[in-house]
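K.L.:
Once you've had a glance at the structure underneath, I'll fire off some questions.
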Amino acid sequence: LAKTTQPISMDSYEGQEVNITCSHNNIATNDYITWYQQFPSQGPRFIIQGYKTKVTNEVASLFIPADRKSSTLSLPRVSLSDTAVYYCLVGDGPAGTALIFGKGTTLSVSS
Amino acid sequence: DVKVTQSSRYLVKRTGEKVFLECVQDMDHENMFWYRQDPGLGLRLIYFSYDVKMKEKGDIPEGYSVSREKKERFSLILESASTNQTSMYLCASTREVNQPQHFGDGTRLSIL
Numbered sequence: 033l034a035k036t037t038q039p040i041s042m043d044s045y046e047g048q049e050v051n052i053t054c055s056h057n058n059i060a061t062n063d064y065i066t067w068y069q070q071f072p073s074q075g076p077r078f079i080i081q082g083y084k085t086k087v088t089n090e091v092a093s094l095f096i097p098a099d100r101k102s103s104t105l106s107l108p109r110v111s112l113s114d115t116a117v118y119y120c121l122v123g124d125g126p127a128g129t130a131l132i133f134g135k136g137t138t139l140s141v142s143s
Numbered sequence: 170d171v172k173v174t175q176s177s178r179y180l181v182k183r184t185g186e187k188v189f190l191e192c193v194q195d196m197d198h199e200n201m202f203w204y205r206q207d208p209g210l211g212l213r214l215i216y217f218s219y220d221v222k223m224k225e226k227g228d229i230p231e232g233y234s235v236s237r238e239k240k241e242r243f244s245l246i247l248e249s250a251s252t253n254q255t256s257m258y259l260c261a262s263t264r265e266v267n268q269p270q271h272f273g274d275g276t277r278l279s280i281l
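In order, the protein sequences belong to chains G and L.
Read in order, the letters of the first sequence are residues 33 to 143 in my numbering.
Read in order, the letters of the second sequence are residues 170 to 281 in my numbering.
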């Protein structure tokens, strides 16, 4: 099973771009890369998912290099409300078995 | 929007009690999951189900069982609660394994 490695924490200021990198050296051919956001006392919320190259939606971008051994979540112009824990997951296959949540990255945004 | 509802936000039980945590989703999803979340450990998968009456063990199934009698409902059972099962429990569902999981807001369970 592919395991992910992320920084434990990151700090930023309002208006800056934040990039969180996730390593997944053992990613399998069929694995997708998915990012979640979690606020205190809430369940994780889906942000973005990709397989290769770049994916962009209204809240974030996901950059995936050709070897797919890492990925970078990019949050443009963060605000205080982006303070949360961000999880990177890789997985495919039978329901749930390959979806391993790591410890996540705690992003703190200050004014 | 998908709605995953967990029956209780907070629950306090005593050691040795049988505890039921209920989860209901309203989007006809095949796959449902139970996780526990502890400080510094992230989310750990307890059990999941990919169909009615089907269940599979996750990473930490010991001390737990599950029930899925109807597609929309997935129950987590603590057969004999112990203090080390004090945790935040999160339920999730998804239609296909490659699709994002939708989570409930969790049940914070305290075992005294």
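No residue lacks a Cβ here, since even glycine has one placed at the ideal position from N, Cα and C.
#1: Any beta carbon of chain L sitting closer than 8 angstroms to that of residue 118 of chain G?
#2: Excluding the five sequence neighbours on either side, which residues of its own chain have a C-beta within less than 8 angstroms of the C-beta of residue 213 of chain L, listed in chain order?
#3: To be precise: take each residue of the stretch 196-214 of chain L, compare its Cβ to all Cβ atoms of chain G, and keep it if any distance is under 8 angstroms. Which residues remain?
#4: Residues of the stretch 64-76 of chain G in Cβ contact with chain A at a cutoff of 9 angstroms, in chain order, please.
#5: Please report the straight-line C-alpha distance between residue 128 of chain G and residue 110 of chain G, rounded to a whole angstrom.
#6: Taking C-alpha atoms, which residue in G:108, G:53, G:43 and G:141 lies nearest to residue 89 of chain G?
#7: Can you tell me whether DSSP reads residue 249 of chain L as helix, strand or coil?
#8: Let me see if you follow: with CB-CB separation under 8 angstroms, is residue 82 of chain G close to chain L or not?
#9: Is there a Cβ from chain G that is less than 8 angstroms from the Cβ of residue 269 of chain L?
#10: Can you give me, in chain order, the residues of the stretch 226-259 of chain L that have a beta carbon less than 7 angstroms from any beta carbon in chain G?
#11: So, with DSSP's three-state summary, where would you put residue 114 of chain G?
#12: For residue 39 of chain G, count the other beta carbons within 10 Å of its own beta carbon; 16 or more makes it buried, fewer makes it exposed. Which is it?
#13: CA-CA distance, residue 62 of chain G and residue 123 of chain G?
P.N.:
Let's see:
#1: Within the first sequence, numbered from 1, the residue matching residue 118 of chain G stands at position 86. No, no contact with chain L.
#2: Residue numbering aside, residue 213 of chain L sits at position 44 when the second sequence is read from its first letter. Counting only Cβ-Cβ distances below 8 angstroms, and skipping sequence neighbours, we find 204, 205, 206, 207, 227, 228 and 229.
#3: 199, 200, 202, 204, 209, 210, 211, 212, 213 and 214
#4: Protein chains in the displayed structure are G and L, and chain A is not among them.
#5: Here residue 128 of chain G refers to the residue found at position 96 of the first sequence. Here residue 110 of chain G refers to the residue found at position 78 of the first sequence. At residue 128 of chain G the pLDDT is 44, less than 50, meaning the model places this residue with poor confidence and gives no usable figure here.
#6: The residue given as residue 89 of chain G occupies position 57 in the first sequence. With distances taken between Cα atoms, residue 89 of chain G lies closest to G:108.
#7: Position 80 of the second sequence holds residue 249 of chain L. Of the three classes helix, strand and coil, the one that applies to residue 249 of chain L here is coil, per DSSP.
#8: Taking the first sequence and counting its residues from 1, one reaches residue 82 of chain G at position 50. False, the Cβ-Cβ gap to chain L never drops below 8 angstroms.
#9: The residue you call residue 269 of chain L lines up with position 100 of the second sequence. So yes, residue 269 of chain L belongs to the interface.
#10: 227 and 259
#11: As a first step, residue 114 of chain G must be located in the first sequence, where it is residue number 82. Reduced to three states, the DSSP call for residue 114 of chain G is helix.
#12: Position 7 of the first sequence holds residue 39 of chain G. Exposed.
#13: Locating residue 62 of chain G in the first sequence gives position 30, counting from the first residue. Locating residue 123 of chain G in the first sequence gives position 91, counting from the first residue. About 8 angstroms.
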